[in-house]
Ligand SMILES: Nc1ncnc2c1ncn2[C@@H]1O[C@H](COP(=O)(O)O)[C@@H](O)[C@H]1O
Ligand SMILES: Nc1ncnc2c1ncn2[C@@H]1O[C@H](COP(=O)(O)O)[C@@H](O)[C@H]1O
Ligand SMILES: Nc1ncnc2c1ncn2[C@@H]1O[C@H](COP(=O)(O)O)[C@@H](O)[C@H]1O
Ligand SMILES: Nc1ncnc2c1ncn2[C@@H]1O[C@H](COP(=O)(O)O)[C@@H](O)[C@H]1O
Ligand SMILES: [Mg+2]
Ligand SMILES: [Mg+2]
Ligand SMILES: [Mg+2]
Ligand SMILES: [Mg+2]
Ligand SMILES: [Mg+2]
Ligand SMILES: [Mg+2]
Ligand SMILES: [Mg+2]
Ligand SMILES: [Mg+2]
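Residue numbers (the numbering used here), protein chains in the order written: chain B, 3 to 206; chain F, 3 to 206; chain L, 3 to 206; chain E, 3 to 206; chain H, 3 to 206; chain U, 3 to 206; chain P, 3 to 206; chain X, 3 to 206.
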């Protein structure tokens with residue numbers, strides 16, 4: 003694609019028929035890479051294996067990838083603060099895999115249990131880029147960016163209750179992070195974080 | 003006082019005359035403890051030394067204390083994330099001093115430079131109570147509460163710009179902190195945090 | 003636990019299997035105290051009695067406690083403004099019980115019927131700490147804090163409609179309370195208020 | 003006037019010349035009652051005594067009344083929570099006086115010092131209508147409405163800081179008041195509360 | 003009741019059993035007037051006729067009144083802007099009826115069809131008090147208050163979509179109404195408007 | 003211009019030198035029509051008459067027009083609810099004049115004094131397009147759109163206090179207007195409303 | 003109709019019976035034009051063909067039109083940024099058709115794929131008026147208005163997630179559009195945009 | 003520095019003395035690279051040339067750089083939508099220069115004049131990374147990201163009025179941008195965008 007990121011099907015609010023048809027069409031237009039659909043409702047996840055030959059379904063991240071995955075380039079670490087943030091992180095890792103970037107998922111290393119994060123920080127710091135996914139207080143990306151040289155992308159999630167419900171508190175925390183260089187995407191937008199990383203890695 | 007916290011003059015929006023007169027009156031009504039005024043405009047800070055005999059003026063915290071300080075009880079640590087948060091922290095320490103609680107101020111230990119916080123965490127953890135003052139992302143109280151057994155009170159500050167301006171982002175972060183037991187007061191309310199601590203320490 | 007508050011399972015957004023497994027694991031890791039899960043969906047509340055030997059289920063507060071309760075220390079009063087605030091108050095009392103703090107629940111003493119509160123205020127005032135749970139206008143903690151020497155923790159609830167729906171009006175009222183020393187936790191966070199109290203009582 | 007409330011000059015944002023001219027014109031059009039201007043800047047307050055013969059200037063409430071006051075009907079009590087709320091209350095009492103309603107101002111009876119309110123509640127309860135003016139937590143109208151049979155009108159004020167700054171917290175508290183029958187006007191709108199009362203008293 | 007408005011059951015969020023039991027208890031405590039429940043779910047509306055002898059059920063306004071209605075005093079007009087605002091208006095008329103105040107409901111006279119309002123304005127203007135219920139732009143109370151001498155109480159409703167959804171746009175419009183003397187209650191709070199009117203009429 | 007509206011200088015936030023230079027440059031690039039600057043600070047208004055030969059300065063609307071005005075086409079009525087809304091209306095009329103559209107300004111016909119509006123409605127209704135400028139409750143455009151066949155463009159203004167301060171209440175009222183066909187521009191954007199009208203009139 | 007736009011049934015929140023009866027009544031009152039209902043629930047869409055003789059049902063736009071369509075006047079282009087915005091666009095085209103204005107729908111030309119828009123811009127630019135429907139970032143109307151001489155009306159949609167959910171982000175983008183002359187209607191209000199256009203076209 | 007971005011002085015809210023002293027100290031601690039201060043008040047900009055030998059002052063971007071600039075690596079394009087966005091862009095370019103990254107500033111290419119952007123898009127597209135700075139509608143980053151393969155970082159600015167004032171509208175637009183891979187920093191945070199780019203370029 004002209005922009006380095008091919009068209010991807012946003013399945014939310016579309017009929018399953020339409021999503022499956024769009025995947026088939028993308029596949030036909032661009033046979034060199036896989037076709038990807040995100041935010042798939044259950045019915046798409048259920049029907050995709052019968053609809054296509056070479057298909058990868060991630061029920062947690064709600065993605066469908068049709069076609070062989072390209073060989074992965076680079077080393078991206080995707081962190082989550084809690085276990086409830088994992089679906090958003092999985093949307094990111096599925097997108098990275100479909101677009102040919104290598105990724106490792108490290109879950110449940112939020113700042114309430116800082117030792118779990120610190121004990122792995124050397125290894126995390128070796129990544130090319132870090133994606134940090136967090137809901138509630140959204141403090142994780144700022145803390146990580148103060149500890150490692152890799153660029154850090156924060157993904158706020160809508161998990162949480164009270165003032166945290168919907169993700170705006172986590173979003174504001176990340177935008178106001180005191181560690182320099184944290185950038186942010188929309189709430190729950192694992193796909194967008196991954197797309198930015200793909201542009202970095204493939205250009206780098 | 004019936005509630006354990008004596009009346010205190012809130013000087014903002016009052017004329018200097020009225021604030022100084024109220025201090026004199028509180029002094030007369032309750033000669034056993036000092037009289038305190040918070041959020042004092044420059045003119046009150048300037049005129050207080052001439053108006054009273056035994057007076058302590060904190061130009062940074064904008065407080066005036068009239069009368070001898072009671073002997074301090076307990077050990078409270080007041081942390082700040084940045085140097086711009088210090089005035090709010092000084093409102094807290096002046097209130098603690100006036101109401102007979104011992105306090106130490108540890109400034110500029112925000113999470114962007116986590117090593118500065120970690121290198122002192124043992125000492126901080128020995129406090130009876132911790133007050134953590136932070137603007138911008140407001141991540142400090144949650145990180146500290148995950149590291150020490152002392153109860154932690156978060157004070158969001160209005161410092162910052164963009165989404166952080168006015169302090170609502172820091173407030174939401176603290177309310178949504180994942181570490182259990184963080185409680186919060188109004189933005190810039192160093193006095194309120196200190197009043198809560200006074201009730202804990204004098205009752206404990 | 004290093005912080006004085008052991009890990010607790012936040013069951014909302016987890017599968018019942020996962021919550022029950024985490025309770026079993028916490029029990030195994032720390033056999034000295036009970037294991038607690040909060041915000042449990044119906045299925046967890048239903049299945050817990052068969053899954054464990056020594057289990058306490060609070061259907062109103064939506065908590066499950068596994069293992070013998072420790073002997074209670076201290077005297078905490080948990081007030082509610084209305085009867086719809088009781089579930090949040092029960093999350094607090096179940097947490098206090100599981101973590102070894104003694105608590106009394108006094109319901110429906112909101113400021114619309116001030117005499118009900120005033121007739122019990124002496125007794126309430128003898129508590130070590132007061133937790134005041136209120137939705138709609140959220141005025142209760144401020145009124146109580148002006149009447150008793152105990153530290154007061156306000157818990158806003160999401161009950162209410164119109165401007166009060168979701169709890170932000172009650173939250174703002176409590177943060178702006180004119181009585182000195184009121185501290186606040188997130189909307190509906192009975193657990194968090196209890197965790198703060200546990201740290202106070204066990205340290206005191 | 004057709005609506006029972008004559009036209010009144012809203013002086014904010016007008017030049018002093020224009021405000022004084024409008025007062026003269028209202029006086030000429032309706033010689034039976036006084037002409038009133040609210041939210042007057044200093045220059046209007048300064049020049050009014052020279053501009054008119056029979057003029058009452060309230061520097062605190064920022065009102066100018068031109069012409070003899072009508073004989074007062076009825077008994078309205080105007081309460082304030084703090085001393086900073088007095089200017090808004092004075093806008094209300096000046097309006098009531100200009101429109102022929104009798105009013106008493108009772109200041110500084112907010113809920114942080116509940117005994118001051120309770121010791122006068124019998125007397126307050128004898129009023130035809132109560133206007134309760136409060137900033138910060140805005141709890142006063144709800145508490146009063148639970149204690150007296152008179153209709154209660156709440157006026158939130160913009161005084162306060164943090165979440166209370168601008169008056170939206172007090173406004174929401176009053177709208178969500180649990181005591182039945184509290185009605186509310188815009189923030190700082192002492193005039194509007196008085197206008198409603200005038201309609202009640204003159205119609206009753 | 004001490005405040006002129008007896009206790010009323012707020013049935014939302016209560017079990018039908020509890021609501022019906024509370025109605026029976028209110029009936030027993032105060033046999034002189036009827037007992038009222040508002041915001042009743044379907045099951046309460048269905049079961050009330052079998053549970054009580056002398057019962058009035060308003061399925062549109064979702065109210066249940068047990069006991070003979072008192073003879074009505076006064077003349078209140080309840081206006082609605084659209085037909086979707088009628089349920090809130092019916093909560094008001096049922097409350098007025100239960101508390102002994104006479105009311106007339108005039109529906110669908112919003113400002114988009116101004117002639118429908120103007121053709122009846124003389125008759126409306128003869129009321130003791132006007133309650134104006136409106137969603138979407140909420141312009142009705144301000145327009146009416148500029149046309150009649152009666153005091154006007156605005157009730158914003160949550161009907162509407164886009165910026166009007168939830169009622170905050172209508173609430174702000176009413177608070178900012180340019181006609182003097184409009185007072186406002188919480189969104190959808192037909193009961194609260196009626197309670198204020200009851201206090202006015204019975205005191206007048 | 004390709005879009006039917008020539009480039010216009012937005013002078014706010016620019017130095018007077020830069021604004022005057024940009025006006026000269028626009029004049030040179032397009033000698034057929036006048037050059038316009040809006041939101042001019044005092045210094046631009048003061049210096050413009052010396053800087054250019056054929057210049058029109060509107061001190062109320064804060065506009066500077068350089069060059070002869072084109073002959074006006076069409077008939078646009080610009081209404082204001084109050085006198086404080088006149089500066090925004092004057093920005094609209096100056097823009098219309100500069101771009102060759104005929105306009106009449108009718109001030110102070112807000113809905114609080116509905117008779118003033120109704121007595122002129124026939125005449126207003128003859129316009130090609132109506133621009134209705136209003137702050138506070140912003141009810142004017144909706145009422146007018148229900149009375150005349152001309153398309154109505156609402157311009158909310160930032161005038162007002164309390165919930166109306168800044169213009170968001172008026173904006174929401176206009177967007178939620180029940181009369182069909184009301185369209186809206188940004189707060190205080192008299193220029194934008196005029197630009198839309200220019201496109202309509204010149205295309206019609 | 004006096005205003006150029008006949009009454010239209012807003013079916014949301016009405017029973018199907020009532021909507022069908024209102025359509026029949028509008029048909030009877032004004033036999034010259036068709037009767038229109040918008041925001042129809044499924045049951046109305048299902049029953050309309052049996053209830054009326056000459057009926058057009060748009061299941062995507064959720065409209066029902068009863069009676070022969072008038073001959074179309076003018077040329078309006080309705081653009082959508084994405085396919086999820088089509089239902090709102092179809093509400094607009096159905097309204098235009100019912101009120102006698104000719105319209106073309108051009109879907110999925112959002113700014114993320116700018117070439118699709120640019121390749122058709124000449125043709126779009128020939129329209130009398132352009133309606134641009136967009137959710138998420140809402141950038142489409144501003145970009146189009148910078149490219150064509152036709153007046154542009156922006157319709158924000160509630161599609162989207164995170165900060166875009168509910169349509170307020172798209173609404174603000176359109177109000178702040180830098181291209182002169184963009185006007186805006188309420189979120190999802192395809193009907194309102196069409197009503198404005200009808201007034202322009204029939205008056206032009 | 004451990005994180006790849008050295009400490010930088012945030013001069014806003016600091017005394018000029020303190021900022022100049024901190025610059026001297028940073029210079030001493032790390033003589034290999036220049037020391038940078040951002041958001042400098044006039045007095046710092048005025049005094050810096052006398053205080054240091056080898057100093058670069060950017061009055062527009064409000065930055066002070068002390069010490070020789072490192073040789074620039076990479077090619078970053080910094081775009082602005084309007085000329086009022088230039089100060090924020092200059093904070094970014096000064097930061098890039100101080101930290102050894104090559105940058106080109108391309109101003110005033112917002113989407114209202116799309117041709118100015120399109121005529122340079124090939125050249126822009128050759129950059130390693132693009133920073134797009136925009137206020138008002140904030141549409142620029144999304145449009146650019148749909149046209150070039152480089153990663154795009156959006157910086158919303160606080161310029162604008164009405165709904166755009168303060169920058170939240172531009173922020174939301176950028177977060178909701180439909181083009182994949184746009185990431186965002188806090189409002190007016192040119193420094194933060196540059197810091198992210200430095201990490202990318204130096205790691206790539
Ligand atoms: N900095 C502060 N923030 C909040 N409340 C305060 C502060 N200082 C004093 N107060 C409270 O304000 C009360 C006095 O208010 P006033 O009667 O207006 O002087 C004191 O008794 C305290 O409860
Ligand atoms: N009701 C609650 N509200 C807020 N936090 C809670 C609650 N219950 C448990 N937690 C916290 O959530 C942590 C567990 O989160 P998780 O790892 O997602 O199960 C516990 O250690 C507590 O700190
Ligand atoms: N989709 C719509 N959005 C906004 N207003 C509408 C819509 N459809 C119809 N209306 C308006 O609502 C009026 C009828 O409302 P009602 O009396 O509640 O049926 C019509 O005359 C239109 O002005
Ligand atoms: N313009 C800026 N915006 C946000 N953060 C900044 C800015 N300039 C410097 N900083 C950060 O603020 C830190 C210094 O803060 P301080 O200790 O208050 O001087 C630096 O190390 C940067 O991480
Ligand atoms: Mg966890
Ligand atoms: Mg620092
Ligand atoms: Mg109760
Ligand atoms: Mg006081
Ligand atoms: Mg109707
Ligand atoms: Mg006027
Ligand atoms: Mg598309
Ligand atoms: Mg420009």
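The C-beta atom is built at its ideal place from N, Cα and C for all residues, glycine as well.
Could you tell me the distance, in whole angstroms, from the CA atom of residue i to the CA atom of residue j?
i	j	result
residue 148(X)	residue 13(E)	52 Å
residue 80(P)	residue 68(P)	23 Å
residue 173(U)	residue 187(U)	8 Å
residue 11(L)	residue 21(L)	7 Å
residue 176(U)	residue 93(X)	39 Å
Leaving out five residues before and five after residue i in sequence, what residues of the same chain have Cβ atoms less than 8 Å from its Cβ?
i	result
residue 47(L)	59, 61, 64 and 66
residue 200(F)	6, 7, 97, 98, 101, 102 and 103
Report back the beta-carbon spacing between residue i and residue j to the nearest angstrom; my notes put them in contact at under 8 Å.
i	j	result
residue 130(U)	residue 76(U)	5 Å
residue 195(L)	residue 133(L)	5 Å
residue 164(P)	residue 169(B)	7 Å
With H, G and I counted as helix, E and B as strand and the rest as coil, what does DSSP make of residue i?
i	result
residue 158(X)	strand
residue 94(P)	helix
residue 193(L)	helix
residue 184(F)	coil
residue 139(E)	coil
residue 106(X)	strand
residue 249(U)	In the structure as shown, chain U starts at 3 and stops at 206, and residue 249(U) therefore has no counterpart that could be examined.
Tell me which same chain residues have a C-beta within less than 6 Å of the C-beta of residue i, skipping the five on either side of it?
i	result
residue 1(X)	Within the shown structure, residues of chain X are numbered from 3 to 206, placing residue 1(X) beyond reach of any answer.
Below 7 Å CB to CB, which residues in the same chain sit around residue i once its five sequence neighbours on both sides are set aside?
i	result
residue 72(P)	35 and 102
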